[in-house]
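A.B. asks: In our numbering, the protein residues as written are 28 to 362. Ideal placement from N, C-alpha and C gives every residue a C-beta, glycine not left out. Since we're looking at a predicted model, the values are computed, not measured.
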Amino acid sequence: MSKPTIIDISKATGFSKSTISKALSDSKEISKKTKSIIVKYAKKINYKPNFYASHLRKSIVKNVAIIIPDILNYYFAKVLKGAQQEFFNRGYDLMCFFNEESVSKEKKILEKLKNGSIAGLMISPAKNPFSKKISEQLIEIQDYKIPIVMFDRIVGDFKCDKVFIDDFQSSFNIVKHLVSKGKRKIALVSPIHDTLIGKQRYDGYKEGLKVEKIDYDDDLYIPLNSGNTIQSEITKLASSKKIDSIICIEQHITVAIHSLLLNLNFNIPKDIAIVGFTDGPLFEYTKPSITSVNQHGEYIGKLSAKILIDRIENNNDLDFVEERVPTSLTIRKST
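So, in structure tokens, the structure goes:
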């Protein structure tokens, strides 16, 4: 049987986790009646606060953790680099974990971090399509008053500090750029259509078409899934001359489409232009090189780390911040 948590008390009594935490700390903000109900139930289920974590917080342990989906992803590698530099400069030791896009693995990592061995956590959650839910383990870490900064992938209803790029504006700007190059039959390829980031990039794409007075064509929106393939979809559209440009919102799919078009003897960008997300060497050294969105991963990492350190050291109850970071477009030969 798992150890009782504040979440269990909240479900049984109807009080918020914040109220329960304050009641168990004998805060003057909570009425005697409410305290009595909460304390009585906590004793009933044998709830034990994490005194070890409390002690570590008071002594400001300088251990922090970051959880990212994939170290081989260029963007997340840059985030990690920026975060590590900021933590090192401020005297913090960084532990790095990879969820590998597995919700279950992420839960196991968070379970290990619940013991209070860290003073703060940065996390980009594993893909969990359109979910507003967050793991109970992450909620428990927050219940122990361990600050959390969520970056890149945001769960809207979870209250914490957040740092993310402007995905809507990024796609909007790509459409504007392609139109400036004479392209008006613009396709969007999305292998992450079932995520919040995918939806925001899709919405920016549609708004860009609208502003440029281009009719939206559902045939030019390709949400990749197990029922279709890049090769069949792109070959069909390219051969029928229904497209003159492609926006791809994931790095590796962009390179795959680039290679496919060259193998089909299309001229890039004369016949079909290509723009991708996540700027880096992979796009720089293809031939022709690929125009891409620079998501400023290193800056995202530094900013997230700075926010986390400030929250740890000031131990404040100020409102959570949400930093929306603008992207830029690195123009190369594919457009």
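How should residue 353 be labelled, buried or exposed, when 16 other C-beta atoms within 10 angstroms of its C-beta is the threshold for buried?
C.D. replies: Within the sequence shown, numbered from 1, the residue matching residue 353 stands at position 326. The residue is exposed, with fewer than 16 neighbouring Cβ atoms inside 10 Å.
A.B. asks: Enumerate, from N- to C-terminal direction, the unbroken alpha helix (DSSP H) stretches of 4 or more residues contained entirely within the stretch 180-257.
C.D. replies: Qualifying alpha helix (DSSP H) stretches, in chain order: 194-207, 223-238.
A.B. asks: What residues in its chain sit with their C-beta under 6 Å from that of residue 2, if we drop five residues either side in the sequence?
C.D. replies: In the structure as shown, the chain begins at 28 and stops at 362. Residue 2 is therefore absent and cannot be evaluated.
A.B. asks: Please identify the residue among 127, 140, 173, 58 whose C-alpha is closest to the C-alpha of residue 336.
C.D. replies: Residue numbering aside, residue 336 sits at position 309 when the sequence shown is read from its first letter. Ranking 127, 140, 173, 58 by Cα distance to residue 336 puts 173 first.
A.B. asks: Considering only their Cβ atoms, is the gap separating residue 198 from residue 235 smaller than 8 Å?
C.D. replies: The sequence position of residue 235 within the sequence shown is 208, counting from 1. The sequence position of residue 198 within the sequence shown is 171, counting from 1. In contact: residue 235 and residue 198 (Cβ atoms closer than 8 Å).
A.B. asks: Just verifying my parser: in three-state terms, what is the DSSP assignment at residue 57?
C.D. replies: Counted from its first residue, the sequence shown places residue 57 at position 30. Reduced to three states, the DSSP call for residue 57 is coil.
A.B. asks: Mind checking whether residue 89 and residue 119 have CB atoms under 8 Å apart?
C.D. replies: Here residue 89 is taken as the residue at index 62 of the sequence shown, counted from 1. Here residue 119 is taken as the residue at index 92 of the sequence shown, counted from 1. Taking C-beta atoms as the reference points, residue 89 and residue 119 count as a pair closer than 8 Å.
A.B. asks: Does the stretch 298-315 come close enough to the stretch 326-335 that 3 or more CB-CB pairs lie under 8 Å?
C.D. replies: no
A.B. asks: In whole angstroms, give me the CA-to-CA distance for residue 78 and residue 301.
C.D. replies: In the sequence shown, the residue the question calls residue 78 occupies position 51. In the sequence shown, the residue the question calls residue 301 occupies position 274. With a pLDDT of 49 at residue 78, under the threshold of 50, the modelled position of that residue is not reliable, and no figure is offered here.
A.B. asks: Just curious, the beta strand (DSSP E) that residue 301 is in, first and last residue?
C.D. replies: Walking along the sequence shown from the start, residue 301 turns up at place 274. Residue 301 -> beta strand (DSSP E) spans 300-304.
A.B. asks: For residue 163, which of 239, 59, 206, 31 has the nearest alpha-carbon?
C.D. replies: For the purposes of this step, residue 163 is taken as the residue at position 136 of the sequence shown. When C-alpha distances from residue 163 are compared across 239, 59, 206, 31, the shortest belongs to 31.
A.B. asks: If you draw a straight line from the C-alpha of residue 298 to the C-alpha of residue 188, how long is it?
C.D. replies: Translated into positions along the sequence shown, residue 298 becomes position 271. Translated into positions along the sequence shown, residue 188 becomes position 161. Straight-line Cα distance between these residues: approximately 44 Å.
A.B. asks: How far does the alpha helix (DSSP H) with residue 118 in it reach, from first residue to last?
C.D. replies: Counting from one through the sequence shown, the residue named residue 118 turns up at place 91. Here residue 118 belongs to no alpha helix (DSSP H), and DSSP marks it neither H nor E.
A.B. asks: Could you tell me which of 62, 40, 283, 203 sits nearest to residue 317, measuring between CA atoms?
C.D. replies: Looking up residue 317 in the sequence shown gives position 290. Residue 317 has its Cα closest to that of 283, out of 62, 40, 283, 203.
A.B. asks: Whose C-beta lies closer than 8 Å to the C-beta of residue 127 among residues of the same chain, with five residues either side of it excluded?
C.D. replies: Within the sequence shown, numbered from 1, the residue matching residue 127 stands at position 100. The answer, listed in chain order, is 96, 97, 153.
A.B. asks: To test your reading of the DSSP string, which unbroken beta strand (DSSP E) runs of 3 or more residues are found completely within the stretch 282-360?
C.D. replies: 300-304, 318-321, 349-352, 355-357
A.B. asks: In angstroms with no decimal places, state the Cα-to-Cα distance between residue 85 and residue 111.
C.D. replies: Here residue 85 refers to the residue found at position 58 of the sequence shown. Here residue 111 refers to the residue found at position 84 of the sequence shown. For residue 85, the predicted structure reports a pLDDT of 49, less than 50, and the residue's modelled location is therefore unreliable. A value from the coordinates is still provided. Near 24 Å, if we compare the C-alpha coordinates of residue 111 and residue 85.
A.B. asks: According to DSSP, what are the bridge partners of residue 168?
C.D. replies: Start at 1 with the first residue of the sequence shown, and residue 168 comes out as number 141. According to DSSP, which records beta bridges pairwise, residue 168 is partnered with nothing at all.
A.B. asks: Helix or strand or just coil, what does DSSP make of residue 114?
C.D. replies: Numbered from its first residue, the sequence shown carries residue 114 at position 87. Residue state, collapsed to three classes: helix.
A.B. asks: Which partner residues of residue 147 appear in the DSSP bridge assignment?
C.D. replies: Position 120 of the sequence shown holds residue 147. Paired residue(s): 91.
A.B. asks: Assuming the contact rule is C-beta atoms closer than 8 Å, residue 107 and residue 93 should be a hit. Round their C-beta distance to whole Å, please.
C.D. replies: Here residue 107 refers to the residue found at position 80 when the sequence shown is read from its first residue. Here residue 93 refers to the residue found at position 66 when the sequence shown is read from its first residue. Between residue 107 and residue 93 a beta carbon distance of about 7 Å is seen, short of the 8 Å cut, so the two are scored as contacting.
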